[in-house]
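Enquirer: First, the structure itself, so that you have it in front of you.
Protein chains in written order, with this note's numbering: chain A, 964 to 1774; chain B, 877 to 1325.
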């Protein structure tokens, strides 16, 4: 291998045309071998001539294609000019920030702008590669892990999961819903961004109150008053079909997983809506066991007057409720209808609104209790807390110490000292005196949950730290970074043990931990937390596609769309698939409702299953998923611009700059008053040169998705009735046609997506926006990802072992 | 114990069951009954700030004529019934919300500047968030000393991501309330959370006292933890820990503020369960809670965001199927202009309902409306152009005799911050300077010569 391959292209851009992919991978391969052989080294005695030649040719390229605009006279872009005429190409490290910008613009084809002369691809790639090599060399000599605050408050989600794992408490009563306990974090970008995680008095009030509620439920405080939780079903959720979590042979209703804090009696009350003309059987179950079947509706019993319409009562006019003893712990309450064979499928009659159908549906379920508390019971939570049980009074305090120590270790995520325990014991003693041993532990736990050591993740500088020099963070801090990254929660005992005993950084250990953690159920946090923020899935909840245009969009479909993407991303994580599958996969997950939406035949029932897609399917990968297609649309129509911007930002990692102020909005009609197609409107808009430079990049990407309507259905005609033309030309001249064409173009540059994906994950992992100084680390991770067939775990391992993840710097 | 069912009329939209029974688990942030007896003597000053997003259709907002002799504009017409309690001010500007070469985040800077008069750098300083203490928090620091909650921060919409550009832009539109230049306060959208903060726990006075004592000892103890951690951090790393300590102290202070006897005439709605499905119900519920907070003197200061800047909320209830932000860039298309005016009018109607609630609530020798000052407006003037001048501004309420309504004041361009200074002055919080203020705005009628 020739040494100058090191200066060849990174696996970021390559075959311009779809067919070039093979060739491109070959280049990537050589490169990686070169990179793997270690940093430069061999080239020192290579003549200074070669370098001089390279410098001259790169300078010539810059002068010819870039300096026309980027110079001292024109000062483009305004406000923050990029001066490529004066900067010294021989001293790349001195201008690292500027050069990283140049590399990104070249690698993502953002520059030169559309319509301007472009250098030939090889020369442009050579310049990028040369700059990258120079930048990487400089970064290796002087690592900069970036500044992240030493204190990182737990996000609201992290707090919720930490409580779950610390105390084995899940599906808490609604009264203890996290969104009722703590204010929303309201950050931008990823909610892990440390800088934006503030502590406010309102939040502190929330912590204090939450600690009390949570500790009482965890311990099963017999004094706990009854809790009343109302679970309302979405108005637009059709209930004419079987729901997955409920017994076969039923339709509609809901299954509510819920933690019952104490052994005692509870009341389950049901509100129905819809017609009561005919009798229906309503089934109430606990953990899948039928508790009671109530006949509702139909003619009144024993010849009484016909029941008032729209009111449901059980026989004898009793309210629709069931009182039953429940053992403390996690249970599932089911409320559903016994299915009748003649039932009409009302999902076919749109628009669906609850109460408009022929059959009754469940409007709300209220669970209240405990009444007549029997005891604290034997719950997973108490088992987890009470690692010992005092038999005599003299055993109490030693046992309390043991219980508290273990809780502290997990909650504070580090080895515990005697003085840590001493701080908590007065609270134990006070509670013990007041109401017994359990109450003592409850008080100590309550105090612990308000401690800054639980609520804040702190990373302390070592003694005698040299300012402005990167240092490795402590092992326990690394363990926390790892578990909050992959699980959004505290480390488990295995991970913590490794860190406390100093074995976490031993060869192979981090890799094995990552593999173990990814297959653990807690890695679902990467789906619910990372992916949903990366892809903006959380926005979908607030989407209200207009029911005049999209009458069959309802909450059932919304949830199905979200579930598909969740399952799909989860499959990438847990099956350790190639991250390129995110762009194009030959499978997805659907249930009957979603399959009907997509036009996929032969899928019946409400449960989701993996379906293999045909070669010509339009659905494989994120770009064919209704969730993303809907959240990038307006209520009444698609937006190629929003979709194009979404692709640039989230798939290509090359967000366009924000539009200039005072941009004229799209017009619906031409000057002659003729209705315009979306494409015609965009053409008008782009006539403005200020707009054109970015739209030339965004719009073709968005237009390629125009065959999907604003809720993700396939179509051949647009809103205005004109045939869809999904073709377009990228600024570099690449033609693309429809979603298949877009996929091919994206896959032709696999490294670019891998890099963008790495950046998103790294930013999420370290809790800050990335800076130019992170680019060398991102490139190094990406190289390795390419070498590992783009496996998901190789991205994670790469990040975990990267300098920004392992190190800090002190100002 | 709070009793939820009483004789006075209750709003039917507040549904939910078993609210009373659900209360006891709620935590006792409620301090013990204090010696402060309720006196009907001097009305307490109250101030509120309501933000509307995406500017307004100014031609349909600005009343014709000035002084007392003005004609209601279409958008403001829902306030006709409150004429003597509404002061419309035209000509105010927030020039600090302009770009200064820092990107085009006009929407977000508009929210940031609204009560601060300070420019939010959204790009230049990355995510190092910095603004200044906002007018509501200056008021809260003072008026809040006498009440259990210094202020309430409310919103009717959650943030979304799709419209956000990179950088800190969107962050600045999450809230209009900044406790310090580096501590923005989250705005709560869940009515249940607000209800619980206001009315908290039932329980006997003795139980509540015991709970306050327990909470105080926890706060004491965690303060020591935090102080220990401080010593292990470098000076520049202490910011977040200081926030923690500062918050602990603030909660301690709230514990010490005496709880007033609950007014037996106070009728609480049933405890809300979920966020209502429509803006109208959501707004009414939040306004109702705020009215109760005034009535029970739990807080004297609030802010409320009717929507977040750049929101694309649709308004099917008034026949606007397009997103608000899209509509606001109307380009003078008459159809879109009409829709934007419709949305603006609808928001004003929601305000009118709130004012009606305040007007019909007796307070001392008058009504709550007589003794409040509610600023309503936006940091964007023309939403289509993203302009920050000719802002929509109105002040409702009597300000305990300090505010003379029934007028339209037309000014040459004047910093909006001047109005904020005047309002603070009227609630007894004299402020030298706020953001780019150049003095105090005289809101009093010009005496006839």
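Idealized CB from N, CA, C, for every residue including glycine.
Nothing here was measured: the structure is a model prediction, and the numbers come from that model.
Where do the N-terminal and C-terminal ends of the beta strand (DSSP E) with residue 1284 of chain B fall, by residue?
Expert: Taking the first residue of the second chain as position 1, residue 1284 of chain B is located at position 408. Here the beta strand (DSSP E) through residue 1284 of chain B covers 1283-1291.
Enquirer: With 9 Å set as the bound, which would you pick, yes or no: does the beta-carbon of residue 930 of chain B sit closer than that to a beta-carbon of chain A?
Expert: Residue mapping note: residue 930 of chain B aligns to position 54 of the second chain, counting from 1. With 9 Å as the cut-off, residue 930 of chain B does not count as an interface residue toward chain A.
Enquirer: Taking the DSSP output, what are the residues bridged to residue 1285 of chain A?
Expert: For the purposes of this step, residue 1285 of chain A is taken as the residue at position 322 of the first chain. Per DSSP, A/1231.
Enquirer: Would residue 1068 of chain B count as contacting chain A if we go by Cβ distances under 9 Å?
Expert: Residue numbering aside, residue 1068 of chain B sits at position 192 when the second chain is read from its first letter. Yes, its Cβ sits closer than 9 Å to a Cβ of chain A.
Enquirer: Taking a contact to mean a Cβ-Cβ separation below 9 Å, would you say residue 1188 of chain A touches residue 1134 of chain A in this structure?
Expert: Position 225 of the first chain, counted from the first residue, corresponds to residue 1188 of chain A. Position 171 of the first chain, counted from the first residue, corresponds to residue 1134 of chain A. No; because the gap between Cβ atoms is not below 9 Å, this pair is not in contact.
Enquirer: Run down chain A in chain order and give the residues with a C-beta less than 9 Å from the C-beta of residue 1145 of chain B.
Expert: Here the question's residue 1145 of chain B lines up with position 269 in the second chain. Near residue 1145 of chain B there are no residues of chain A at all, since even the closest Cβ is about 15 Å away, more than 9 Å.
Enquirer: Just to confirm, is the Cβ distance from residue 1582 of chain A to residue 1601 of chain A under 9 Å?
Expert: The residue labelled residue 1582 of chain A in the question sits at position 619 within the first chain. The residue labelled residue 1601 of chain A in the question sits at position 638 within the first chain. It is not a contact, given that the beta carbons lie outside the stated cut-off.
Enquirer: Could you tell me whether the Cβ of residue 978 of chain A comes closer than 9 Å to any Cβ of chain B?
Expert: Here the question's residue 978 of chain A lines up with position 15 in the first chain. A caution first: residue 978 of chain A carries a pLDDT of 37, below 50, which makes its placement in the model too unreliable to give a value.
Enquirer: Helix, strand or coil for residue 1180 of chain B, going by three-state DSSP, please let me know.
Expert: Residue mapping note: residue 1180 of chain B aligns to position 304 of the second chain, counting from 1. Looking at residue 1180 of chain B - three-state DSSP - the assignment turns out to be strand.
Enquirer: Check the Cβ-Cβ distances between residue 1265 of chain B and every residue of chain A, and say whether any is below 9 Å.
Expert: Along the second chain, one-based indexing puts residue 1265 of chain B at 389. Chain A contact via Cβ: absent.
Enquirer: Looking at the C-beta of residue 1021 of chain B, does it have a partner C-beta in chain A at a distance below 9 Å?
Expert: As a first step, residue 1021 of chain B must be located in the second chain, where it is residue number 145. Chain A, which has no Cβ nearer than 9 Å to the Cβ of residue 1021 of chain B, makes this no.
Enquirer: Would you say residue 1107 of chain A faces chain B, with C-beta separation under 9 Å as the test?
Expert: Numbered from its first residue, the first chain carries residue 1107 of chain A at position 144. Residue 1107 of chain A does not count as touching chain B.
Enquirer: So if DSSP puts residue 940 of chain B in a beta bridge, which residue, or which two residues, is it bridged to?
Expert: Within the second chain, numbered from 1, the residue matching residue 940 of chain B stands at position 64. Beta-bridge pairing links residue 940 of chain B to B/947.
Enquirer: Report the rounded CA-to-CA distance for residue 1094 of chain A versus residue 1115 of chain B, giving the unit in angstroms.
Expert: Mapped onto the first chain, residue 1094 of chain A falls at position 131. Mapped onto the second chain, residue 1115 of chain B falls at position 239. Straight-line Cα distance between these residues: approximately 38 Å.
Enquirer: Let me see if you follow: with CB-CB separation under 9 Å, is residue 1188 of chain B close to chain A or not?
Expert: On the second chain, residue 1188 of chain B is found 312 positions in, with the first residue counted as 1. Yes, because at least one Cβ of chain A sits closer than 9 Å to the Cβ of residue 1188 of chain B.
Enquirer: Please classify residue 1457 of chain A: is it buried, with 16 or more other beta-carbons within 10 angstroms of its beta-carbon, or exposed?
Expert: In the first chain, the residue the question calls residue 1457 of chain A occupies position 494. Exposed.
Enquirer: Kindly say whether residue 1095 of chain B, judged by its beta-carbon, lies nearer than 9 Å to any beta-carbon of chain A.
Expert: Sequence index remark: in the second chain, residue 1095 of chain B carries index 219 (1-based). Chain A contact via Cβ: present.
Enquirer: Should residue 951 of chain B and residue 965 of chain B be called a contact, given that it needs their Cβ atoms to be closer than 9 Å?
Expert: Taking the second chain and counting its residues from 1, the one referred to as residue 951 of chain B is at position 75. Taking the second chain and counting its residues from 1, the one referred to as residue 965 of chain B is at position 89. Cβ distance not < 9 Å, so residue 951 of chain B and residue 965 of chain B don't count as in contact.
Enquirer: Please list, in chain order, the chain A residues whose beta carbon lies closer than 8 Å to that of residue 1220 of chain B.
Expert: Position 344 of the second chain, counting from 1, holds the residue named residue 1220 of chain B. Ordered by position in chain A, no residue passes the 8 Å Cβ test against residue 1220 of chain B, which lies about 17 Å from the chain.
Enquirer: Taking only beta-carbon positions, decide if residue 1757 of chain A is within less than 9 Å of chain B.
Expert: Position 794 of the first chain, counting from 1, holds the residue named residue 1757 of chain A. No, because no Cβ of chain B sits closer than 9 Å to the Cβ of residue 1757 of chain A.
Enquirer: Going by alpha carbons, who is nearest to residue 1217 of chain B out of B/1246, B/1144, B/1258?
Expert: In the second chain, residue 1217 of chain B corresponds to position 341, counting from 1. It is B/1258 whose Cα lies nearest to the Cα of residue 1217 of chain B.
Enquirer: For the stretch 1590-1601 of chain A, list every residue whose C-beta sits within 8 Å of some C-beta in chain B, in sequence order.
Expert: Going along the stretch 1590-1601 of chain A in chain order, one finds 1594, 1595, 1597, 1598, 1599 with a Cβ nearer than 8 Å to chain B.
Enquirer: Is residue 1680 of chain A helix, strand or coil by DSSP?
Expert: Looking up residue 1680 of chain A in the first chain gives position 717. Strand at residue 1680 of chain A.
Enquirer: Can you pull the chain B residues whose beta carbon is under 7 Å from the beta carbon of residue 1161 of chain A, in chain order?
Expert: As a first step, residue 1161 of chain A is located in the first chain; it is residue number 198 there, counting from the start. The contacting residues are 1059, 1060, 1119.
Enquirer: Pull up the DSSP beta-bridge partners for residue 1249 of chain B, would you.
Expert: On the second chain, position 373 is the one that residue 1249 of chain B refers to. Bridge partners of residue 1249 of chain B: B/923.
Enquirer: Straight-line CA distance for residue 1411 of chain A to residue 1440 of chain A?
Expert: On the first chain, residue 1411 of chain A is found 448 positions in, with the first residue counted as 1. On the first chain, residue 1440 of chain A is found 477 positions in, with the first residue counted as 1. The straight-line gap from Cα to Cα measures roughly 19 Å.
Enquirer: Starting from the beta carbon of residue 1181 of chain A, find every residue of chain B whose beta carbon is closer than 9 Å, and list them in chain order.
Expert: As a first step, residue 1181 of chain A is located in the first chain; it is residue number 218 there, counting from the start. None at all; the shortest Cβ gap to chain B is about 14 Å.
Enquirer: Rounded to whole angstroms, how far is the Cβ of residue 1598 of chain A from the Cβ of residue 1199 of chain B, which I believe are closer than 8 Å?
Expert: Counting from one through the first chain, the residue named residue 1598 of chain A turns up at place 635. Counting from one through the second chain, the residue named residue 1199 of chain B turns up at place 323. That pair is a contact at about 6 Å.
Enquirer: What residue from A/1770, A/1534, A/1059 has the CA that sits closest to residue 1549 of chain A's CA?
Expert: As a position in the first chain, residue 1549 of chain A is number 586, starting the count at 1. Selected option, being the one with the closest Cα: A/1534.
Enquirer: Please list, in chain order, all residues of the same chain as residue 1024 of chain A whose beta carbon is under 6 Å from its beta carbon, the five residues on each side excluded.
Expert: In the first chain, residue 1024 of chain A corresponds to position 61, counting from 1. If we look at residue 1024 of chain A and ignore the five residues flanking it on each side, its Cβ neighbours are 1082, 1086, 1090.
Enquirer: State yes or no: is the beta carbon of residue 820 of chain B nearer than 9 Å to at least one beta carbon in chain A?
Expert: Because chain B spans 877 through 1325 in this model, residue 820 of chain B falls outside it and cannot be assessed.
Enquirer: In chain order, what residues of the same chain lie with their CB nearer than 7 Å to the CB of residue 1368 of chain A, ignoring the 5 residues before and after it?
Expert: Here residue 1368 of chain A refers to the residue found at position 405 when the first chain is read from its first residue. 1379, 1384.
Enquirer: Let me know if residue 1101 of chain B comes out buried or exposed under the rule of 16 or more other beta-carbons within 10 Å of its beta-carbon.
Expert: For the purposes of this step, residue 1101 of chain B is taken as the residue at position 225 of the second chain. When all chains shown are included, residue 1101 of chain B counts as buried.
Enquirer: At least one CB of chain B closer than 9 Å to the CB of residue 1370 of chain A: is that the case?
Expert: Indexing the first chain from 1 puts residue 1370 of chain A at position 407. Cβ-Cβ to chain B under 9 Å: no for residue 1370 of chain A.
Enquirer: So which residues of chain A does residue 1180 of chain B contact, with C-beta pairs closer than 9 Å?
Expert: Taking the second chain and counting its residues from 1, one reaches residue 1180 of chain B at position 304. Within 9 Å Cβ-Cβ: nothing; residue 1180 of chain B doesn't reach chain A, min ~15 Å.
Enquirer: Could one say the Cβ of residue 1451 of chain A lies closer than 9 Å to chain B's Cβ atoms, at least one of them?
Expert: Taking the first residue of the first chain as position 1, residue 1451 of chain A is located at position 488. Chain B, which has no Cβ nearer than 9 Å to the Cβ of residue 1451 of chain A, makes this no.
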